[in-house]
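Take a look at the structure set out below.
Numbering (the numbering used here), first residue to last: 1 to 397.
Right, here's the structure in full:
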């Protein structure tokens, strides 16, 4: 399988890598934008005047860097887009750590909802402060450290949840059926984000779960495929439930392993300029199913949408999240960065994903009381996996 150079980048940050699809090639490799030494060029006249007035007249001392960072956060917020954000140098450093698979925080996968402007918990990672404190899938985060947060303040909420290992943090949660929000207190820990696991199920049907498409995903997926193939795999189930997304080039490489030659996805900017991701002739010819749910977003929808369009896999589960936009990171020379939504992407057949999601071929729900613990379910409890196994078994006969 040729490893192509992808145009690519998200998500969630993890926690907004979390539901953001990145053109990864831009992260860390795009030449930084040079900042001018002249404030009159860096800021429009009005902003410069406001800054000067405050610095010159405010009764107390001000941190100039904090003032400028706050102004930059405000400028990004005017886009009214939860995925267009400014990162201070410290925030961008933490973002890169997250994307590489580790960060200090509470261990939550979160996303902004389109309709209600809320921050919803997609899932907590196993054995993390958030899970041990009792936060579950579907919870709504209304405050972090006493500060009100909402979908349009996703980056701020993520920033507040991260911090130095061992330090306390309070997250205020509202849960369906409650009369009022409740506080959850925990200490931040170093979170080593799990990524890909595999196992062999009955009838030599391989199972691969992808928790996110970080910078290790494609290589780890190849290793998982190789291990299962060595064990005489006859069918394959790919599980991207509660996977918030990740790097476009990583999901493109995984799709390349699975698909025949052709289009994986395409994206368009506001001027109609089109960018395409393609696969080569090499493909895996096995009966396949892909598991999705409401927490499958962004790069997960690229993969499930492509497999569905090519008829390579049966999509099993619930309709996906519907996050069909791509972000690009613009690093600045002072170590900060700006993340901007630049494109909307579509499946190979031209189906819109944003705010629509991918519909399953076979719709199956999990019992409501089991939705927050997918990784701990037995096969008997996991109705979605059981159905996917049934589907693939049927194709073996």
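Yeah, the Cβ is synthetic: ideal placement off N, Cα and C, and Gly gets one too.
Model, not experiment: these values are computed from the prediction.
Pairwise C-alpha distance: residue j and residue i
| i | j | result |
| --- | --- | --- |
| residue 263 | residue 112 | 29 angstroms |
| residue 181 | residue 247 | 34 angstroms |
| residue 356 | residue 70 | 34 angstroms |
| residue 185 | residue 66 | 27 angstroms |
| residue 326 | residue 57 | 42 angstroms |
| residue 322 | residue 265 | 15 angstroms |
| residue 384 | residue 317 | 6 angstroms |
| residue 388 | residue 45 | 59 angstroms |
| residue 212 | residue 53 | 46 angstroms |
| residue 132 | residue 108 | 11 angstroms |
| residue 281 | residue 151 | 41 angstroms |
| residue 68 | residue 218 | 38 angstroms |
| residue 208 | residue 199 | 7 angstroms |
| residue 314 | residue 394 | 12 angstroms |
| residue 378 | residue 312 | 27 angstroms |
| residue 277 | residue 284 | 18 angstroms |
| residue 232 | residue 386 | 21 angstroms |
| residue 123 | residue 74 | 29 angstroms |
| residue 76 | residue 339 | 9 angstroms |
| residue 81 | residue 329 | 15 angstroms |
| residue 202 | residue 137 | 29 angstroms |
| residue 96 | residue 89 | 11 angstroms |
DSSP three-state assignment for residue i, whether helix, strand or coil
| i | result |
| --- | --- |
| residue 30 | In this prediction, residue 30 scores a pLDDT of 38, lower than 50, which makes its location untrustworthy; no coordinate-derived value is stated. |
| residue 99 | helix |
| residue 331 | strand |
| residue 129 | helix |
| residue 363 | strand |
| residue 77 | helix |
| residue 241 | coil |
| residue 135 | coil |
| residue 305 | helix |
| residue 397 | coil |
| residue 86 | strand |
| residue 318 | coil |
| residue 224 | helix |
| residue 249 | helix |
| residue 92 | helix |
| residue 403 | Examination of residue 403 is not possible in this model, given that the chain is present from 1 through 397 alone. |
| residue 3 | For residue 3, the pLDDT reaches just 35, beneath the cut-off of 50, and the residue's location in the model is therefore unreliable, leaving the point undetermined. |
| residue 390 | helix |
| residue 23 | Here residue 23 scores only 48 on pLDDT, less than 50, and its place in the model should not be relied on; the value that follows carries that caveat. Strand. |
| residue 39 | For residue 39, the predicted model reports a pLDDT of 47, less than 50, meaning its position is unreliable and no value from the coordinates is stated. |
| residue 154 | helix |
| residue 231 | coil |
| residue 280 | coil |
| residue 336 | coil |
| residue 202 | helix |
| residue 179 | coil |
| residue 351 | coil |
| residue 113 | coil |
| residue 312 | coil |
| residue 142 | strand |
| residue 209 | strand |
C-beta contact flag for residue i and residue j at 8 angstroms
| i | j | result |
| --- | --- | --- |
| residue 159 | residue 91 | yes |
| residue 324 | residue 345 | yes |
| residue 290 | residue 342 | no |
| residue 126 | residue 375 | yes |
| residue 301 | residue 279 | no |
| residue 171 | residue 161 | yes |
| residue 361 | residue 319 | no |
| residue 79 | residue 106 | no |
| residue 381 | residue 396 | no |
Nearest-angstrom Cβ-Cβ length linking residue i and residue j, presumed shorter than 8 angstroms
| i | j | result |
| --- | --- | --- |
| residue 358 | residue 251 | Residue 358 to residue 251, Cβ: 13 angstroms. No contact. |
| residue 235 | residue 205 | 4 angstroms |
| residue 295 | residue 242 | 4 angstroms |
| residue 245 | residue 299 | 4 angstroms |
| residue 195 | residue 175 | Contact flag wrong, Cβ pair sits at about 28 angstroms. |
| residue 438 | residue 191 | Only positions 1 to 397 of the chain appear in this structure, which leaves residue 438 out of reach. |
| residue 240 | residue 303 | 6 angstroms |
| residue 72 | residue 83 | The pair is not a contact, with the Cβ atoms about 16 angstroms apart (cut-off 8 angstroms). |
| residue 104 | residue 164 | 6 angstroms |
| residue 157 | residue 149 | 4 angstroms |
| residue 55 | residue 62 | 6 angstroms |
Proximity test, residue i beta-carbon vs the ligand SAH heavy atom, cut-off 7 angstroms
| i | result |
| --- | --- |
| residue 323 | The ligand SAH is not among the ligands present in this structure, which contains no ligands whatsoever. |
Chain C within 8 angstroms of residue i, Cβ atoms only
| i | result |
| --- | --- |
| residue 366 | No chain C appears in the structure shown, which is made up of a single protein chain. |
**Request:** Indicate whether the contact test is met: 3 or more Cβ pairs, each with one atom in the region 357-367 and one in the region 330-342, closer than 8 angstroms.
**Result:** no
**Request:** Mind the definition here: the region 249-257 touches the region 221-235 only if three or more C-beta pairs lie below 8 angstroms; say whether that holds.
**Result:** yes
**Item:** the region 135-142 / the region 116-124 touching (three or more Cβ pairs under 8 angstroms)
**Value:** yes
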